Amino acid sequence: MKPFTPFESSIAVLAADNVDTDQIIPARFLKTTTKEGLGLQLFHDWRYGKDGAPKADFPLNRPEAKGAEVLIAGDNFGCGSSREHAPWALTDAGFRAVVSTSFADIFYGNSLKNALLPIKVEPGVHAKLLAAGSGARVKVDLESQTLTLPDGSTASFPVDAFPKRCMLLGVDELGYLLQFEGEIAAFEAGRPAPHDTRTPVQDR
Amino acid sequence: MTPRTLYDKIWDEHIVAQRPGEPALLYVDLQLVHEVTSPQAFEGLRQRGLKVRRPDRTIATIDHSIPTIDRAKPIADPIAARQVAQMGINCKEFGLPIMAPGSGHQGVVHVFSPELGLIQPGMTLVCGDSHTATHGAFGVLAFGIGTSQVEMVLATQCLLQQPSRNLRVNVTGRLRPGVTAKDIILALIAKIGVGGGTGCVIEYAGEAIRGLSMEGRMTISNMSIEAGARAGLIAPDEVTFAYLKGRAFAPKGAEWDAAVARWKTYVSDEGAVFDREVTLDGSALEPMITFGTNPAMGIAITGTVPEPGAMAAGIERDSLVKALKYMGITGGQSILGHPIDVVFVGSCTNGRIEDLRAAAGVLRGRKVAPGVRALIVPGSEVVKKMAEAEGLDRIFLAAGAEWREAGCSMCLAMNGDMLQPGQTCVATSNRNFEGRQGPGGRTLLASPITAAASAVAGAVADPRSLA
Chain U
137 MKPFTPFESS IAVLAADNVD TDQIIPARFL KTTTKEGLGL QLFHDWRYGK DGAPKADFPL
197 NRPEAKGAEV LIAGDNFGCG SSREHAPWAL TDAGFRAVVS TSFADIFYGN SLKNALLPIK
257 VEPGVHAKLL AAGSGARVKV DLESQTLTLP DGSTASFPVD AFPKRCMLLG VDELGYLLQF
317 EGEIAAFEAG RPAPHDTRTP VQDR
Chain A
637 MTPRTLYDKI WDEHIVAQRP GEPALLYVDL QLVHEVTSPQ AFEGLRQRGL KVRRPDRTIA
697 TIDHSIPTID RAKPIADPIA ARQVAQMGIN CKEFGLPIMA PGSGHQGVVH VFSPELGLIQ
757 PGMTLVCGDS HTATHGAFGV LAFGIGTSQV EMVLATQCLL QQPSRNLRVN VTGRLRPGVT
817 AKDIILALIA KIGVGGGTGC VIEYAGEAIR GLSMEGRMTI SNMSIEAGAR AGLIAPDEVT
877 FAYLKGRAFA PKGAEWDAAV ARWKTYVSDE GAVFDREVTL DGSALEPMIT FGTNPAMGIA
937 ITGTVPEPGA MAAGIERDSL VKALKYMGIT GGQSILGHPI DVVFVGSCTN GRIEDLRAAA
997 GVLRGRKVAP GVRALIVPGS EVVKKMAEAE GLDRIFLAAG AEWREAGCSM CLAMNGDMLQ
1057 PGQTCVATSN RNFEGRQGPG GRTLLASPIT AAASAVAGAV ADPRSLA
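Chains as they are written, first to last, in the numbering used here: chain U, 137 to 340; chain A, 637 to 1103.
Following this line, the structure appears as structure tokens:
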């Protein structure tokens, strides 16, 4: 992962609540065994018609939404399935941050692990972004935890210190976990496994 | 000592280490693996030159991408075939056990594992699947994770975690005839909303929960995620112990007695403080069904679909308008009698033997309505074998339903079992999101008996009308 640096970008607005990960990336596209290329199928069934052509009325297909690296979404974004394909699809399509009033837990955690910053804002700030509409510009600074709105005002957003540090440095959690080999081995020594999954069923 | 909740006890027992200001390392007792959310994790291990730390605490199956018919033939979809093959390759390379099709134990990841007695009170359990919450029914801290975390657990058997808040859901009283576990959980989600449990671990308690079988409890815990909660626990009791006794991986002899004594400690202490409590009157519940495009859009089957015109303007009303338009359902009307095309009985929510018995009880001596397709999909090869030994398959076939092989099937339509655009399905699964059962497909979530009754009527039907 690359270090997450401050950036300025236009926004794309998708004003719907409870957008589930089946909408972000439908299940039939999860048969892939890699992380790449999912951006093409992002919001597939909202984005394309039956003939495969982009639907002109889908907000992300409008000209002003093109090139946006920040998605403005509704309440409880990313609910449903735990598929990490959802943040993979968003980042593959060029998004680096999603702004909402709230996020589903698993999506929130998955995003932080994939250089996609979930930015939680107050309803008032959110309303300003919805009103500004796709194409308006914002600045995102993770270090200072500030979002600069199109009108020049700023809003701060929460993020836990640990994932913040990981994102800023571009390091992942597995590297951190591997440092604890000694502690893990000691814990295991005091806690025998309830069973060995490798023992064939007929031998039990 | 301060009284603790069941969740707090399991959490405390599994903390390996925690540095100041950093998340805790939570030890994972068991990881379940399936073909969809694991390939990128194994690839990550290869790139880093890592092994699976504890193959003995890991078990795999294949459930999402495999067809439920013609299992003897090669998988027709080349991308699905590659994914299924990759699961076998990864298990072989990393030394993991796999319950492959034909092994006698393959099944939906959350159905085959309890059947083997692998899930025992007090454990921590993860899987790259949000319905991992199912196993909370055993007093297990079980939750879904993303693929990055699947890789972390494969490599270290640990996860970095922050504690969740405690939410207790008390379901009081006794259920009336025709009301099932599925109706409890649909009623709860309708009450607290799809984000109502966000940041929380739920503990389900109360007389109505205690009165449920393990199958019913699993149905409830399974859908915790549909209220936004990561996990949904139920304290173990005699029902739990009776279910586990004699299962392949359950302790035997003197070890059994010691295990039961230990398992009995996995209850919330008297006076334990919950961050939030919600009460549901179980005795007042009716069979439930959803009408919209998220699991909180549910009503009593005798109820009326909400009318957007009666709501204040805003995103919420817009969502309801959009949902009703997608579903082809009119607000302000009864849902009973709404025409349907397909019925799906199966999934990790309601694909267990008790669910199939319930559906067969309704279909016995009756016929699926002309023009309606009914798909009955056992949750595992074990469920299939039991159902056939009991003659349930013959009841389904005589009624005109299809009897399939075990898998996730039409719950998420990855394997070719799917709705056609515009079709309406009463499904016993867990999600009614747009396109969940196929692009343009419309899903109404309900219990197995409501689904079966609707199959007979060819329209949404109250199961009590066929009692």
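Even for Gly, the Cβ is constructed at its ideal location relative to N, Cα and C.
Computed from a predicted model, the values in this text were never measured in an experiment.
| Asked | Found |
| --- | --- |
| Interface residues of chain U facing Cys794/A [CB-CB closer than 8 angstroms] | Leu313, Phe316 and Ile320 |
| Counterpart residues of Asn802/A in DSSP-defined beta bridges | Val837/A |
| Element boundaries [alpha helix (DSSP H), containing Glu319/U] | Glu317 to Ala325 |
| Top-ranked residue by Cα proximity to Ile702/A, from Ile695/A, Ala716/A, Arg690/A and Asp873/A | Ala716/A |
| Asp699/A Cβ short of 8 angstroms to the ligand HEM heavy atom set | This structure simply doesn't include the ligand HEM, nor any ligand for that matter. |
| Rounded distance between the beta-carbons of Ala844/A and Ile821/A, thought under 8 angstroms | The Cβ separation is near 11 angstroms, so there is no contact. |
| Glu258/U: first and last residue of the uninterrupted alpha helix (DSSP H) it sits in | Unbroken run through Glu258/U: none, as it is neither H nor E. |
| Closer than 9 angstroms at the beta carbon, the chain U residues around His741/A | Val337 |
| Three-state secondary structure (DSSP) of Asp699/A | coil |
| Partner residues on chain A for Phe140/U, Cβ-Cβ distance less than 8 angstroms | Neighbours of Phe140/U on chain A: none; closest Cβ ~16 angstroms, over 8 angstroms. |
| Chain U residues whose Cβ lies nearer than 7 angstroms to that of Ala653/A | Phe316 and Glu319 |
| CA nearest to the CA of Thr876/A, picked from Ser849/A, Ala863/A, Ala890/A and Met859/A | Ser849/A |
| Sequence-distant residues of the same chain with beta carbon closer than 8 angstroms to Leu795/A, five excluded per side | Leu661, Leu662, Val664, Val762, Ile781, Gln785, Met788 and Val789 |
| Residue nearest to Glu922/A in terms of C-alpha spacing, selected from Ala995/A, Val805/A, Arg1100/A and Glu751/A | Arg1100/A |
| Residue from Gln793/A, His670/A and Gly1058/A whose Cα sits closest to the Cα of Gly743/A | His670/A |
| Coarse secondary structure for Val747/A, derived from DSSP in three states | helix |
| Given Pro757/A as reference, the closest of Val815/A, Trp647/A, Asp706/A and Gln676/A once Cα atoms are compared | Trp647/A |
| Own chain partners of Gln1059/A with C-beta closer than 6 angstroms, once the 5 adjacent residues on each side are dropped | Asp977, Val978 and Gly1077 |
| In DSSP terms, what Lys275/U is bridged to | Glu144/U and Thr284/U |
| Simplified DSSP state of Ile781/A, which is helix, strand or coil | coil |
| CB contact check: Phe1069/A to chain U, cutoff 9 angstroms | yes |
| Other residues of its chain near Gly798/A: CB distance less than 8 angstroms, five sequence neighbours each side excluded | According to the sequence shown, residue 798/A is Gln rather than Gly. Cβ within range, chain order: Pro659 and Ala660. |
| Coil, strand or helix - Gln719/A by DSSP | helix |
| Same chain, Cβ closer than 7 angstroms to Thr169/U, five either side skipped, listed in chain order | none |
| Pro931/A - partner residues in DSSP beta bridges | None, per the DSSP bridge assignment. |
| Best match in Gln281/U, Asp339/U, Gly306/U and Asp332/U for proximity to Phe140/U [C-alpha to C-alpha] | Gly306/U |
| For Asn930/A and His746/A, believed in contact at Cβ under 8 angstroms, the rounded distance | Not quite, the Cβ-Cβ distance comes to about 21 angstroms (not below 8 angstroms), so this is no contact. |
| Chain U within 9 angstroms of Ser701/A, Cβ atoms only | yes |
| Complete beta strand (DSSP E) runs within the stretch 658 to 682 of chain A (minimum length 3 residues, chain order) | 660 to 663 and 666 to 669 |
| Residues bridged to Val1062/A [DSSP beta-bridge criterion] | Val979/A and Leu1080/A |
| DSSP-derived helix/strand/coil call for Phe730/A | helix |
| Cutoff 7 angstroms; reference Lys171/U; Cβ partners in own chain excluding five residues on either side | Trp224 |
| Any chain U beta carbon closer than 9 angstroms to Gly1076/A | yes |
| Identified DSSP bridge partners for Pro190/U | Tyr184/U |
| Contact check, Arg912/A vs Asn802/A, beta carbons under 9 angstroms | yes |
| Outcome for Met137/U when other beta-carbon atoms lying within 10 angstroms are tallied against a minimum of 16 | exposed |
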